[in-house]
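>
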Amino acid sequence: MDAVFFDLYGTLVDIRTDEASEAAWSALRAALAGYGVPYVDNAAVQERFNMLAEPIYGEAIAARGECAEADLLPVFAGLIGCWDAALSRATAQNGMAKNQTDAVGDGSIGERCVDKARALAWTFRRASTSVLRLYLGVMELLARLKAAGLRVVLVSNAQSCYTRPELAMLGLEYAFDRIVISSEVGVCKPSAAIFRHALEAEGIEPARALMVGNDEHSDILGAAGAGISGVYMRTEISPPGDPQASARAVCSLTGPDYAGLLKYLNITWLPLAGAGSRSETEGGQGTARSA
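Sequential numbering of the sequence shown, starting at -12, is according to our numbering.
In structure tokens form, the structure reads like this:
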């Protein structure tokens, strides 16, 4: 085996979000007012958000099918009216998270637009999140896998404008050898395409990778569609209908059982001195409270 692919939320990170909460929309509306774009109430912000998001979702699905993942950063930019059609097209083709904002006209204008949109997205995400913390032992797990000569790759269904800042906050920004986020790739799990993307980026065959995740349909069956074996972790935030053990997984574990994962991989669990101590005590185990 050459690489272990990991899901993020519910596998390495415990999270609770409520994007329908009034707190989230109130925080977004206040931030918009700070940019000189007042909305009369939260409902008006939501209406505008949905109006901007609908065609973006529609175009993504038309282009890539039901597992398409649209990048929502243009929606946040649209809320403050700094998003033009040309920049939107460039982003759809190139990926906003890669900072390719000089594809149109004045690059500095594009960069300012992106900065504002990211700030809005992060404001909304923080206000909608009540819990955000690493599961105990994450940093030791990743360090132990690397010490054993394995590549560790994140394969996550997520919006880059939410997840990239969260990875940095939790100390995971540089913990992976590669980060694959669905909104950057344009397709999400359970599509085999996102797993093939990760395989091709790593230059390995499916038999040389293992997927670890807490969602049987997206992580285990999705990976199987690309020829990758999976380890299933049934955690508190696994989908409610998921089984306690997956018949399609090569190994099923209860909770974020990293010792069990290492045992399956025949790797001895020995906590590494200093591994993850800052992230898991100061940052990783902290809780982000809704504003």
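Beta carbons are placed, not taken as given, at the ideal position from N, Cα and C, and that holds for glycine.
(1) What residue range does the alpha helix (DSSP H) around residue 150 cover?
(2) Is residue 171 closer than 9 angstroms to residue 58 when the C-beta atoms are compared?
(3) Thinking C-beta only, is residue 195 closer than 9 angstroms to residue 5?
(4) Is there contact between the region 30 to 46 and the region 155 to 166, where contact requires at least three CB pairs shorter than 8 angstroms?
(5) So, helix, strand or coil for residue 73, using DSSP?
(6) Please name the residue in 126, 131, 231, 60 whose C-alpha comes closest to that of residue 98.
(7) By how many angstroms is the C-alpha of residue 68 removed from the C-alpha of residue 130?
(8) Would the region 238 to 256 and the region 118 to 130 be scored as touching if the rule is three or more Cβ pairs under 8 angstroms?
(9) Could you tell me the distance, in whole angstroms, from the CA atom of residue 27 to the CA atom of residue 11?
(10) Compute the Euclidean distance between the alpha carbons of residue 216 and residue 256, then round it to the nearest angstrom.
(11) Given that a residue counts as buried once 16 or more other Cβ atoms are within 10 Å of its Cβ, and exposed if not, what is residue 146?
(12) Residue 199 by DSSP, collapsed to three states: which one?
(13) Hey, residue 212 and residue 177: beta-carbon distance below 9 angstroms or not?
(14) Which residues in the same chain have their Cβ closer than 7 angstroms to the Cβ of residue 208, if we skip the five residues on either side of it in sequence?
(15) Figure out for me which residue from 184, 241, 174 has the closest Cα to the Cα of residue 200.
Reading off the structure:
(1) Going by DSSP, residue 150 is part of the alpha helix (DSSP H) stretching over 147 to 156.
(2) Cβ distance < 9 angstroms, so residue 58 and residue 171 count as in contact.
(3) The answer is no: Cβ separation not under 9 angstroms.
(4) With the cut-off at 8 angstroms, the region 30 to 46 and the region 155 to 166 do not touch.
(5) Because residue 73 carries a pLDDT of 36, less than 50, the predicted location of this residue cannot be relied on, and no value is offered for it.
(6) Ranked by Cα distance from residue 98, the first of 126, 131, 231, 60 is 60.
(7) So the two alpha carbons sit approximately 44 angstroms from each other.
(8) Flag = yes, the region 238 to 256 and the region 118 to 130 touch.
(9) A direct Cα-Cα distance of roughly 16 angstroms separates residue 27 from residue 11.
(10) Each residue's Cα considered, the two are about 22 angstroms apart.
(11) Burial check for residue 146: the Cβ neighbour count within 10 Å reaches 16 or more, so the residue is buried.
(12) Note: residue 199 maps to strand in three-state DSSP.
(13) Yes, the pair counts as a contact, with Cβ atoms nearer than the cut-off.
(14) 177, 235, listed in sequence order.
(15) Selected option, being the one with the closest Cα: 241.
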